[in-house]
Structures are given as structure tokens and as C-alpha cells.
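Throughout the sequence shown, residue numbering follows our numbering, covering 8 to 264 in sequence.
Here the structure is laid out as C-alpha cells; the discussion comes afterwards.
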Amino acid sequence: MPLNAIEKPGLLKLLKVTVPHYKPPKRKHLTKLMDQKFEAMVVIVKIQLNKIKCMSLTTDIWTDSHTTTSYLGITAHYIDQSRLHSITLGLAALDKSHTASYISEKFEDTLNFWEISKDTIIAVITDHANNMIRAVKDSFGHDKALQCYAHCLNLLVEQALEDSPNISVIINKIKKIVTYSKQSVKDVMIWNSIFFMLERFLVLSETISRALLRLEKRPELSVISEAITLLRPFELATKEFSYESHVTASKIVEIYN
């Protein structure tokens, strides 16, 4: 909710009726309080980070679908007193072309703001975008650039689904059925969303078949069941590699071995 909501006539009228003696703060006052809170937290976090000898970073770029503004998120991960901690260091708006040099510049700005030495960074994890990989190598060195293993799995499964025309046809049918009953289905779905959609569809198949009669009952349901069986291990692995509460990088060695 934006801060100017506190000055909207509807909310002011509601407060006047429900709590007539309450005087809500002005937007400027709330903004001032938030700035003060931020400045205080910056001091605390800088002191904490200054004690850390080794940390890793995860970073990604995504775009706000409403404003089409892209953002670079950077999160630090470190162990302190035998506990794994994660702190969001920055969410920088990107107003230029996402070149490696521009992204590298944002990395430098973030590290300088938090007074973090590059010597403490042991790894930086990104997706497989060439500009991100190049930016990390330019800023931190070739040996510190790592690609997200969960993202590797995601690309692998997505490609496998695209290369399987039989399951693609069934997925598109189910999308149409889901869209018919719920208008929030995205045109582009990541594979684990497809997995959950197939899994739920199979559970509700009898009810859906009676309502719409869109699928041939046995052959296509059998394909869906087999697809779920094949996709489930990848879904579990992706979830396992996406935790922030414990270290996951060491588990990749077990899979390779």
C-alpha cells in the first residue's frame, strides 16, 4: 500500500467513523519515520557485515509487469555463530541497457554502500544469462562466478517439455480448461507451475470431466500421471536447492558423484 493512501478521502472517512478521536499521521511524517528507520538499520547491518570474513551473494534481474521497470536484486548469505543468515543488500532499478558493464557498476555501488570488501566474497550465484555471468567475472573474478543449480534444473525440464509434443498438447488442453474456470492463468508458465497444475488436475479429473468433457478419459490421464511421476523428483530437487535456511551448494557434489 503506498504511503499516500493515508491521505485518501475514503480512508479518512472510515477512520473518522470508526475512531473519531484518532488523528492519522501525514504522508511526509511517515516518510520521515521510514528514512530514520532505514538509516538506523544501515548502521546495524554495516556493523554486522564488518564482522563477517566470508560470504556469498545471490543476484538476479526481474521486471515489474505493471511498470516494465527492471530491478537488480542482491542478497548476501553468511554464517554467524553457527547459523546461516541472509540479508538483502539492494534492489536497484535498472534504467539503462542491461550490459555486463552496467550490472558490474551496480555491484560496485552496492558493495561500496555497505562497505563490503571483495575479499570476503567467496562466490556469486546467478542465472545463466551471459550478461550476468560476465558482470560477476568482471567484478569478482572468474573463479567466483557460479550458476544457480536450481535454474539449471528449470532449463532442463522446460526444454524436455518443449521437446515432448504429446505432453505439450495435453498441457495446452489443461491450460484452456483452467483458464475457462479461472482467468488468472499466465500465457507463459514455468515448469513447476505446470507440474502443480497437472497434479491438481489429475486429482480433480473426474469432476472436471463431468463438467467439461474435454479430455479422452484414460489415454490422456495416463500420460498426465506418467508426466507427474517423471516431474516430481525434479520438483523436490528444485525445492531442496532453493532453501535459505541451510547450505545447499554441497549437495550438488553428491548428485554429480
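Idealized CB from N, CA, C, for every residue including glycine.
**Prompt:** Who pairs with D67 in a beta bridge, going by DSSP?
**Reply:** Paired residues: G80.
**Prompt:** Are L209 and I231 touching if we call contact CB-CB under 8 Å?
**Reply:** Taking 8 Å as the cut-off, the beta carbon of L209 is found closer than this to the beta carbon of I231.
**Asked** Taking contact to mean at least 3 C-beta pairs separated by less than 8 Å, is the stretch 73-87 in contact with the stretch 109-117?
**Response** Contact between the stretch 73-87 and the stretch 109-117 is present, because at least three Cβ pairs lie under 8 Å.
**Q55: first and last residue of the uninterrupted alpha helix (DSSP H) it sits in** = It spans 34-57 - the alpha helix (DSSP H) in which Q55 sits, taken as one unbroken run.
**Item:** N-terminal and C-terminal residue of the beta strand (DSSP E) that Q154 is part of
**Value:** DSSP places Q154 inside the beta strand (DSSP E), whose first and last residues are 152-154.
**Request:** For I51, count neighbouring Cβ atoms within 10 angstroms of its own Cβ and tell me buried if that reaches 16, exposed if not.
**Result:** Here I51 is exposed. Its C-beta has fewer than 16 other C-beta atoms within 10 Å.
**Request:** Give me the Cβ distance between A157 and S249, rounded to the nearest whole Å; I'm assuming they're in contact under 8 Å.
**Result:** Correct: roughly 5 Å between the Cβ atoms.
**Asked** Mind checking whether T236 and I132 have CB atoms under 8 Å apart?
**Response** Judged by their CB atoms, T236 and I132 are not nearer to each other than the 8 Å cut-off.
**Asked** Between N173, Q55, T95, L118, which lies nearest to D87 when the distance is taken from Cα to Cα?
**Response** The candidate whose alpha carbon is nearest that of D87 is Q55.
**For V192, three-class secondary structure by DSSP** = Reliability fails at V192, whose pLDDT of 41 lies under 50, so the model's placement of it is uncertain and the value that follows must be treated cautiously. Coil, per DSSP.
**Prompt:** Which word fits A234, buried or exposed, when buried means at least 16 other C-beta atoms lie within 10 angstroms of its C-beta?
**Reply:** Per the 10 Å Cβ criterion, buried.
**6 Å Cβ shell around T70 - same chain, five flanking residues per side excluded** = The residues are S77.
**Message:** Suppose the cutoff is 7 Å on Cβ atoms and the five residues either side in sequence are ignored; what does the same chain contact list for A244 look like?
**Reply:** Excluding positions up to five away in sequence, the list reads L160.
**Prompt:** Helix, strand or coil: how does DSSP classify S89 here?
**Reply:** S89 falls in the coil class under three-state DSSP.
**Item:** Rounded Cβ spacing between C61 and I13 (contact assumed at less than 8 Å)
**Value:** C61 to I13, Cβ: 43 Å. No contact.
**Message:** Which residues does DSSP list as the beta-bridge partners of I94?
**Reply:** The partner list for I94 (beta bridge, DSSP) reads A83.
**Run of the alpha helix (DSSP H) containing T133, from where it starts to where it stops** = First-last for T133: 128-133, but that is the beta strand (DSSP E), not the alpha helix (DSSP H).
**Asked** So, helix, strand or coil for Y187, using DSSP?
**Response** For Y187, the predicted structure reports a pLDDT of 47, less than 50, and the residue's modelled location is therefore unreliable. A value from the coordinates is still provided. Helix.
**Prompt:** alpha helix (DSSP H) containing Y109: first to last residue?
**Reply:** DSSP places Y109 in the uninterrupted alpha helix (DSSP H) bounded by 107-121.
**Asked** Which two residues bound the contiguous alpha helix (DSSP H) that contains L18?
**Response** Start and end: 16-25.
**CA-to-CA distance, T95 to D102, given in whole angstroms** = Straight-line measurement puts the Cα of T95 at about 20 Å from the Cα of D102.
**Request:** Return helix, strand or coil for A100, following the three-state DSSP convention.
**Result:** For A100, the secondary structure class from DSSP, reduced to helix, strand or coil, is strand.
**Asked** M62 bridges to which residues according to DSSP?
**Response** Bridge partners of M62: I128.
**Item:** C-beta atoms of T117 and G148 nearer than 8 Å
**Value:** No; because the gap between Cβ atoms is not below 8 Å, this pair is not in contact.
**Message:** On a Cα-Cα basis, can you pick out the residue from S200, V24, K151 that is closest to L5?
**Reply:** The requested residue 5 does not occur in the structure, where the chain is confined to residues 8 to 264.
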